[in-house]
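Peer 1:
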Amino acid sequence: MPRARKRGAQCPASKVSLVLSIVLFMLGAAFIFYPAASSIAARGESDAALSKMRRELVQGSAAQQTSVDGGVTYRSKSNDSTYLKLQRYNEAVRTGTSQQINDPFAFNGGELNDLGLPDGIIGSITIPRMSVTLPLYLGATDDHMNKGAGIIAGTSMPLGEKDSNTVVAAHRGALHGLLMFRNIESMQPGDQVVVETPWETIVYATVSTKIIDKADADALNIQSGRDMLTLFTCHPYGQNSQRYLVFCEKTDAKPKAADPGAIADAITGFLPPTASTASPMLVFEDWLRILGLALTVLCGLAILTSAWRLYRQSRERKHAARVRALTARNDAERCREGRDDRQ
2 MPRARKRGAQ
12 CPASKVSLVL
22 SIVLFMLGAA
32 FIFYPAASSI
42 AARGESDAAL
52 SKMRRELVQG
62 SAAQQTSVDG
72 GVTYRSKSND
82 STYLKLQRYN
92 EAVRTGTSQQ
102 INDPFAFNGG
112 ELNDLGLPDG
122 IIGSITIPRM
132 SVTLPLYLGA
142 TDDHMNKGAG
152 IIAGTSMPLG
162 EKDSNTVVAA
172 HRGALHGLLM
182 FRNIESMQPG
192 DQVVVETPWE
202 TIVYATVSTK
212 IIDKADADAL
222 NIQSGRDMLT
232 LFTCHPYGQN
242 SQRYLVFCEK
252 TDAKPKAADP
262 GAIADAITGF
272 LPPTASTASP
282 MLVFEDWLRI
292 LGLALTVLCG
302 LAILTSAWRL
312 YRQSRERKHA
322 ARVRALTARN
332 DAERCREGRD
342 DRQ
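For the sequence shown, this note's numbering assigns the number 2 to the initial residue and increments by one for each residue that follows.
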């Protein structure tokens, strides 16, 4: 009997341990997979915005359609009023008659709203190294930056022209499920940046990176004879004291494979940065995610262990009950046999 009471005392403790492990496991799983689910939803919204842009600017101008590169349809540049306006804008940037380059987080690009682009979207920007595809807006307003990347006022439009520098700004941290430019420090020379507009797809290759002060607008100037694109975001990660630039130049290479998708982002996002980083908070956040993953795995193992222990205890109790019942039945039969013998 004392042994039975001891087992009975262990059973509630095992159940409490199992329930606690399940709760911790569910919390850890939510911490891990919520960003993936949020990313899938956010990608759906950005894809819908890009699809709307293509429907209105490409499919909506059937008389001007041209199929190139395996059937991809683009809008013709010839006599296209929007394209001509963008060309004139680029010429104004080159001659210095356009507005001055502004900090993207304070810019209001109202003067670009009459170009006939749905919701101000000129196309998309895809960066395989960072596993992001974002809508590319005209003007880096707060509203645009909350939904994707924006072209800074006073810099060139992405038309594939020499003597141009398209400066694309995005937030540094993950926002509304999109990674934005969170992992910009992982960019390496040769990495592609692909810009798709209604008129063409332009491929840029990373040339170099640079950290500048917020007021250093000269770093964003056009480089003579070159067709450049510059990625622009806050630095260090989690702060706003500097700016991180990635300089890219147009190349004739074909776009590489598309980004691996939201689920792959959730997996590779746990890995610490492979390149050196000047953002301690970025490293801390990555290792915190790894710790969360490890704790979730440990809780999962604890759940399996507790469940197996409870299963074994249940089997032992049932076996002991059967043994006791059998013993009692045998004792009863022996008692009856003894009484029969005495009679």
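For every residue, glycine included, the Cβ atom is placed at its ideal position computed from N, Cα and C.
I'd like to know whether the C-beta atoms of Thr231 and Asn184 end up nearer to each other than 8 Å.
Peer 2: Going by C-beta atoms, Thr231 is not nearer than 8 Å to Asn184.
Peer 1: Skipping 5 residues on each side, what residues in its chain have a beta carbon closer than 7 Å to that of Trp200?
Peer 2: Counting only Cβ-Cβ distances below 7 Å, and skipping sequence neighbours, we find Tyr75, Arg76, Lys78, Tyr84.
Peer 1: Could you check what DSSP says for His348 in three-state terms: helix, strand or coil?
Peer 2: Any question about residue 348 goes unanswered here, given that the chain covers just 2 to 344.
Peer 1: Could you check whether the region 153-166 touches the region 86-96, counting it as contact only if at least three pairs of C-beta atoms, one from each stretch, sit closer than 8 Å?
Peer 2: With a cut-off of 8 Å, the region 86-96 and the region 153-166 count as touching, because enough Cβ pairs lie within range.
Peer 1: Can you list, in chain order, the residues of its chain whose CB lies under 6 Å from that of Ile153, leaving out five sequence neighbours each side?
Peer 2: Excluding sequence neighbours, Ile153 sits near Pro105, Ala141, Val168, Ala170.
Peer 1: May I have the straight-line CA-CA distance separating Glu162 from Lys251, to the nearest angstrom?
Peer 2: Answer to the nearest angstrom: the Cα atoms are 9 Å apart.
Peer 1: Taking the straight line between their C-alpha atoms, what separation do you get for Gly124 and Leu299?
Peer 2: Taking the straight line from one Cα to the other gives about 44 Å.
Peer 1: Can you check DSSP and say which residues form a bridge with Ile122?
Peer 2: Per DSSP, Tyr138.
Peer 1: Classify Ser307 as buried or exposed, calling it buried when 16 or more other Cβ atoms lie within 10 Å of its own Cβ.
Peer 2: Counting Cβ neighbours within 10 Å, Ser307 comes out buried, since at least 16 surround it.
Peer 1: Which first and last residues belong to the alpha helix (DSSP H) in which Tyr75 is found?
Peer 2: That residue, Tyr75, is in no alpha helix (DSSP H); its beta strand (DSSP E) goes 73-76.
Peer 1: By DSSP, does Glu334 sit in helix, in strand, or in coil?
Peer 2: Three-state result, Glu334: helix.
Peer 1: Report the rounded CA-to-CA distance for Leu327 versus Glu334, giving the unit in angstroms.
Peer 2: Their Cα atoms are separated by approximately 10 Å.
Peer 1: Suppose you measure from the CA of Asp253 to the CA of Gly226; what does that come to, to the nearest Å?
Peer 2: So the alpha carbons of these two residues sit roughly 16 Å apart.
Peer 1: Please confirm whether Val20 and Ile126 have their CB atoms less than 8 Å apart.
Peer 2: Taking 8 Å as the Cβ cut-off, Val20 and Ile126 do not qualify as a contacting pair.
Peer 1: In this structure, does DSSP put Asn184 in helix, strand or coil?
Peer 2: Reduced to three states, the DSSP call for Asn184 is coil.
Peer 1: Quick check: the Cα distance between Asp143 and Ala150, rounded to an integer number of angstroms?
Peer 2: Rounded to whole angstroms, Asp143 to Ala150 spans 10 Å at the Cα level.
Peer 1: Under a three-way DSSP split, which group does Tyr245 fall into?
Peer 2: DSSP places Tyr245 in strand when its eight states are reduced to three.
Peer 1: Please identify the residue among Arg310, Pro256, Arg313 whose C-alpha is closest to the C-alpha of Ile203.
Peer 2: Answer by Cα proximity: Pro256.
Peer 1: So, does the CB of Arg325 fall closer than 8 Å to a CB anywhere in chain B?
Peer 2: The structure shown contains no chain B; it is built from a single protein chain.
Peer 1: For Arg95, I'd like the list of residues in its chain whose CB is within less than 7 Å of its CB, leaving aside the five on either flank, ordered along the chain.
Peer 2: Closer than 7 Å at the Cβ level, and outside the excluded window around Arg95, lie Asp164, Ile223.
Peer 1: What are the residues that DSSP puts in a beta bridge with Ala150?
Peer 2: In DSSP, Ala150 forms a bridge with Leu137.
Peer 1: Using the Cα positions of Asp332 and Ala322, report the straight-line distance between them to the nearest angstrom.
Peer 2: Whole-angstrom Cα-Cα distance: 15 Å.
Peer 1: Identify the residues that DSSP records as bridge partners of Ile203: which are they?
Peer 2: According to DSSP, which records beta bridges pairwise, Ile203 is partnered with Val196.
Peer 1: Taking the alpha helix (DSSP H) that Leu87 belongs to, which residues open and close that run?
Peer 2: Where Leu87 is concerned, the enclosing alpha helix (DSSP H) stretches over 82-96.
Peer 1: Between Ala329 and the rest of its own chain, which residues show a CB-CB distance below 6 Å, the 5 nearest in sequence each way excluded?
Peer 2: None.
Peer 1: When DSSP labels each residue in this structure, what does Met27 get in the three-state scheme?
Peer 2: Met27: helix per DSSP, three-state reduction.
Peer 1: Is Cys235 closer than 8 Å to Tyr205 when the C-beta atoms are compared?
Peer 2: Taking 8 Å as the Cβ cut-off, Tyr205 and Cys235 do not qualify as a contacting pair.
Peer 1: Can you tell which of Ile213, Asp120, Trp309 has the C-alpha that lies nearest to the C-alpha of Leu246?
Peer 2: The candidate whose alpha carbon is nearest that of Leu246 is Ile213.
Peer 1: Could you tell me which residues DSSP pairs with Met229 in its beta bridges?
Peer 2: DSSP output for Met229 lists Asn166, Glu250 as bridge partner(s).
Peer 1: Can you tell me whether Met27 is buried or exposed? The criterion is at least 16 other CB atoms within 10 Å of its CB, across all chains shown.
Peer 2: Per the 10 Å Cβ criterion, exposed.
Peer 1: Check whether the Cβ atoms of Met188 and Arg130 sit closer than 8 Å, and answer yes or no.
Peer 2: Contact flag set, yes.
Peer 1: Write down the C-beta distance between Gln240 and Lys215 rounded to the nearest angstrom, noting that I regard them as a contact closer than 8 Å.
Peer 2: The Cβ separation is near 11 Å, so there is no contact.
Peer 1: According to the Cβ coordinates, are Gly191 and Thr207 closer than 8 Å?
Peer 2: It is a contact, given that the beta carbons lie within the stated cut-off.
Peer 1: How close, in whole Å, do the beta carbons of Leu87 and Leu135 come, if the pair is a contact with beta carbons under 8 Å?
Peer 2: No, Leu87 and Leu135 are not in contact; Cβ-Cβ is about 19 Å, not under 8 Å.
Peer 1: In three-state DSSP terms, what is Asp144?
Peer 2: Asp144: helix per DSSP, three-state reduction.
Peer 1: Using only the alpha-carbon positions, how far apart do Thr275 and Pro237 sit?
Peer 2: Its pLDDT being 46, under 50, Thr275 is placed unreliably by the model, and the measurement read from it follows with that caveat. C-alpha separation (whole angstroms): 17 Å.
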